[in-house]
Structures are given as structure tokens and as C-alpha cells.
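Read the structure below first, then the notes.
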RNA sequence: GCCGGCGUAGCUCAGGGGUAGAGCAACUGAUUCGUAAUCAGUCGGUCGGAGGUUCAACUCCUCUCGCCGGCUCCA
């Protein structure tokens, strides 16, 4: 973000704070930074604030802007500042100052509003031309849920009114791509109150999309030497005690007691794959051994975090566990990275962020093995020349990981693909292989998903394509629409030809105008509509209309079949919206 | 889980203590039409659920379930 814009937004945040100070005496102030597309300020308010009150605050802010107050900076000795803010009861500010290492702290003042702030700021409040308060939300002080919850007001500001309008318009447009809205409109999936939150029901069209993705995944995994396995949805609690999930993951697990025995609905697939590995002795010659499963898992996510397909309680991962030697680790990681990137590209994803998460405070295993695994991950990223960021201390307790985050329509990021190195489970389950030396050794395990969960991936995919899937994924690939009922027989003949060629085809022989049929097809984002009238029947042709109002004119049905078949086979991601 | 908001017909939404509304969809009929909405009629609701206040609650209050925006947490 441009520094100028950042300053503008930060200054707007200060004006917001001043307005709140005037309107709600007794408010304590926390922090108010500029963020990606605006700013926020966190307050400890004496009252609870609702969305409607934002316009009242905006009004006050406009008054402050009009008053054209100067932003004045002064420096204060740390002790002095602590006294000053303590006197005002500003406990959050005092806490902030105490954490500043310098001797002096910077204070900004506009009118009678004084705030701890590094700056920089605009010269005067009057420089703000275009801002809007967006929403009010709760946020924990310092982002820690053990701390009190503050009231956060989000807003945005731009240099011109036009830019502000454009931004608000963009958000409205993005909302039209929301997978929850499109999922319902296009008949892809639905959630049902009576069935429980976070549980997805794929409708027939969604099931087709999902199945196409699964078929593709199975093929690609087989091509890369993975062995597909299938494991049960429940397992005795003992298995989860051995794995450590019972101790570390219990609040996310579903339990049930049957015949006096306790079972767990699986939250992960790893223990199952380990059982399969351990069913026989393995030589170093067997490694790497890769078990793949489209494994459906259930996790009790906290109610407030559920979000359409992107965050659910039951989902299917394209999960695999690779058992390999330490020497093979880097090579395996590289292959997985390559696999992931290839798949993302084939689905048309260009925007994703890669993170390398390193050793957290609590961890198992030696420093030496952590360093080895972390550098294996990092070297793989470097050699693939993939740009990445480091997420320090964000690794799992059992090992470091690479996460790839996909973006939704509103640019919120969601973790999809991940590669995690694990030293813990092989230890807990006493997983071994016989080495060249004839002795038992412990393999390293890699947990990895390529798309992540099918649910989340489909959600991201719907938003990515705004519901207009590439033809190979489309539930309906071709609609045959007749001009009058006279062409019904010809339409059936055409449909038969397409179906014989495995093209998913539906017909619209209703007594409706062609414009009406085309409109419906357009709203359903169907890629091709074949229009049949007397003209086509006489010429033994079809008129082809491609998604996005493109009239391709008349052609022979064989030519159309060959064209669309190629498009399907190549999984063409050519987008025409 | 926490903070704030919202739940009215299959869908999108209006209404506001005194007989429940529109558009689309569905159904019936007419129309047989050339590239994003043909016309007319009909059907459709325990106003998310449970308590309470009131002569009277869809409307006010309490609880509860679900959804939305955030926070925290994650595929």
C-alpha cells in the first residue's frame, strides 16, 4: 500500500477515535491501525454499539474534518506518558507504552484529542476527502481470547470520492461471487438447519463437480505412485490415545459409546494409514511408501467460525501420508510441491500465498531433526523458486509445515494445500523399517493434502470462476433449446449423439420463447446452448451459443462434439466469464 | 466460544400490538415464437422454535436454534 494512503487511513482512524471520545465519554482506547483496504480502531466502550450508530459517528467525524484541526506531534518521557495516560484511566495505552523500549514516546494531538501514536499523520483533519465506516465487530485485546473483548469499528478512506465509490462497488460485485449464494442458485450444495451446522449436502449438480474433481485426483495420485486406501469413519478411542489426538485435539472430536466401548469419529486420517503401514514389515527398499485417501473427517469447529463450504465440520481431504527415510525427505517434499502447483494451475488458480511455518514454543523431537526438516521444506521452496513467507513459530508441535492459502471473492485467505513433516506419530506408533544395515529405523512421515478439503476447494473454485466452471467440471455441459415444439424429435436425436459421446446434456423443449430459454441458461452459467429451429433441422446443423453471449453460428453436430470433447479432455480453463 | 446484527411463501424482500403482502418460481390455460424474462388465472405462510407480557403478539420481553460480519482457532 502506498504510504500516503496508509497515513490518510491512519489519520482517519484517529478522527474516528476523537468522534467516539466525544460521543461516548468514558471510552478507553486501544489501537487503530491502517489495514489492507481501510482502517479500524478498537475501543473499550461503556455501552454496546450497534451498526446503526455508525452514521451518528460518521456525522461527528465529518464535523471534525470540517473543523480542519491540526495533527500535532509531541514527544514525552516514558514515565511522564505513563502518568498522563494512567490519570485518564487509559489502561491499554499504558500497557502499550510499557512495551515500548525507547525512553521517549510520540504523542499526537488533534483538537482536544490526545493519543499515543508513532505517526505519521496528515497535517490537518481537513485533508480527508472520502471515508466511510463499514462495520462494527468484537475483537479481543491483543488478539488473545483470554483478554477482554473490545469493540472494533472498521472503516475505509480514499484520496478521492470516486476511489471510495469504486471500492464499495467492488465489494458489492465480489459479493455476487459468494459461493454460498451461487451454490444455492446453481443447485450445487446446501446446508440444512435441521441437519446441523457445518454439514454439507451436495445436490446432484454439486455431486457431479465433486466427482469430476475426485476422478482427476485419483488419476493424478496413481500416476505419482500413491496407493489409494479406504479407512473407516470411526475407530476405538484407544487408537486416538496412542496417536495423541485424545490429549491434544479432544475438544474438536466427536465421541460415541457403542456396546460400552468408546469410539471416535475420525478427525484425521493419519492413524488409519499408520495401521496399514504397520500391518507388515517394511524394508528401506519399500520407501517412500505413499498412502492416499479421499478421507472424510469430522471436526467440532467452534460455531462462530463456520462459513459455507470454506469452514465446515465434516469434510473430505485429498489426504496422503508418505513414509520415507530422512534422506528421501527433501525429494519427496519437492515432488509434493510440484504436484500441488500443477494441480492449482490446472484449476486456473494463479493467486495463492505460500507460508513456511517453523518451530513453535511447544514441540516434540530434537532440535537437530527440526532443523533438518525445516531446511528440507525451505530448500524445496527455494529450488522451485516459489515465493514464500515465514510464519515463525506457527508449525505444528510435531513438525514444521508449508501452507498454501487460497483467496475467496473478498480476498479473505483460506488454507488449502499443506505439507507437514511429522516425527511424532512414527515415534508414538513405533513405526519402523529395516535399513540396509539390517537394523530397525524410524521413518519420517509427511502429511500432505493437495487441494486441501474438497469442500473448501469447491468453495474457492466457485468464487474463482463466479460459478462459470470450465466445461470439464460443469454439471450441465450442453443445453439443447428448441425454437418451437416442432423440433423436439430433432432435439432428441441431437441429444442422443451428445450423450453417446459422454457429454452431459439436458434439453429444454418447453413451449417457451428462445430468449427465455437462453436467459435461464445464462443464469445457470451453462457453457453451451444449442439452438434448434426449422432452419437447423433442414440443414442438419445446430446453432451454437457459447457462454458470454457469443453466437458461434451454425455447425455440424460432429464438429461441435469434436470441439467440446477436446475442451473437456484438455480440462481447458479458458474463461469467458 | 466471544462481540454486534439478522431469521416473514420454494427464492429475493416489504410490512410493524387489532383479518399476512409483492415480484420471481410452481401449477392451469392461451400463445408455436430465432439468441438474456409472452400473457392471464390459480395455489402457496404455525412470520425459525419455546416461554412470558397483553383483551389481543408476526410485531414487545426472556430463553433457545440457525445464519451474516468480525475476533480467536483451522483443511
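In our numbering, the protein residues as written are -10 to 566.
Even glycine gets a Cβ: it sits at the ideal position worked out from N, Cα and C.
In this text the structure is predicted, and so the values were computed from the model without any measurement.
Give every residue of the same chain whose Cβ lies closer than 8 angstroms to the Cβ of residue i, excluding the five residues on either side of it in the sequence, and list them in chain order.
i           : result
residue 389 : 345, 346, 347, 348, 359, 362, 363, 366, 409, 410
residue 231 : 260, 417, 418
residue 6   : 18, 21, 30, 32, 102, 104
residue 566 : Residue placement at residue 566 is flagged as unreliable, the pLDDT there being 39, under the threshold of 50; the coordinate-derived value follows with that caveat. Result list for residue 566: 455, 457, 536, 537, in chain order.
residue 241 : 256, 288, 289, 290
residue 375 : 326, 330, 343
Looking at the unbroken beta strand (DSSP E) that takes in residue i, where does it start and where does it end?
i           : result
residue 313 : 303 to 313
residue 378 : 378 to 380
residue 406 : 402 to 411
residue 27  : 27 to 33
residue 327 : First-last for residue 327: 318 to 335, but that is the alpha helix (DSSP H), not the beta strand (DSSP E).
residue 541 : 539 to 544
residue 535 : 531 to 535
residue 519 : 517 to 521
residue 343 : 341 to 346
Looking at the structure shown, is residue i part of a helix, part of a strand, or coil, going by DSSP?
i           : result
residue 566 : Residue placement at residue 566 is poorly supported in this model, since its pLDDT is 39, which falls under 50; the coordinates still yield a value, given next. If DSSP states are grouped into helix, strand and coil, residue 566 belongs with coil.
residue 41  : helix
residue -7  : helix
residue 215 : coil
residue -2  : helix
residue 394 : strand
residue 101 : coil
residue 113 : strand
residue 121 : strand
residue 567 : In this structure the chain extends from -10 to 566, so residue 567 is not present and cannot be described.
residue 446 : helix
residue 420 : coil
residue 63  : strand
residue 274 : helix
residue 24  : strand
residue 145 : strand
residue 9   : helix
residue 56  : helix
residue 179 : strand
residue 289 : coil
residue 338 : coil
residue 194 : helix
residue 4   : helix
residue 386 : coil
residue 132 : helix
residue 184 : helix
residue 554 : helix
With residue i and residue j assumed to form a contact (beta carbons below 8 angstroms), what rounded beta-carbon distance in angstroms separates them?
i           : j           : result
residue 301 : residue 295 : 7 angstroms
residue 144 : residue 121 : 6 angstroms
residue 79  : residue 147 : Between residue 147 and residue 79 the Cβ distance is about 30 angstroms, and since that is not below 8 angstroms, they are no contact.
residue 571 : residue 112 : Because the chain spans -10 through 566 in this model, residue 571 falls outside it and cannot be assessed.
residue 467 : residue 492 : 6 angstroms
residue 192 : residue 177 : 6 angstroms
residue 264 : residue 271 : With 8 angstroms as the limit, residue 264 and residue 271 do not qualify as a contact, their Cβ atoms being about 13 angstroms apart.
Keeping to the same chain, check which residues put their C-beta closer than 6 angstroms to that of residue i; ignore five residues upstream and five downstream.
i           : result
residue 140 : 32, 34, 38
residue 20  : 31
residue 382 : 349
residue 128 : 31, 139, 141
residue 370 : 377
residue 98  : 61
residue 352 : 386
residue 556 : 460
residue 281 : 210, 215, 217, 309
residue 354 : 412
residue 304 : 442, 444
Following the continuous alpha helix (DSSP H) through residue i, name the residue where it begins and the one where it ends.
i           : result
residue 266 : 259 to 267
residue 150 : 150 to 164
residue 84  : 80 to 87
residue 171 : 168 to 174
Who are the near neighbours of residue i in its chain, counting only those whose CB is closer than 7 angstroms to its CB and skipping five residues on each side?
i           : result
residue 500 : 474
residue 448 : 168, 297, 298, 299
residue 530 : 543, 544, 545
Ignoring anything shorter than 4 residues, give me the alpha helix (DSSP H) runs that lie fully in the stretch 453 to 513, in order along the chain.
477 to 489, 503 to 512
Segments assigned beta strand (DSSP E), at least 3 residues, entirely inside the stretch 196 to 257
223 to 225, 243 to 247, 250 to 254
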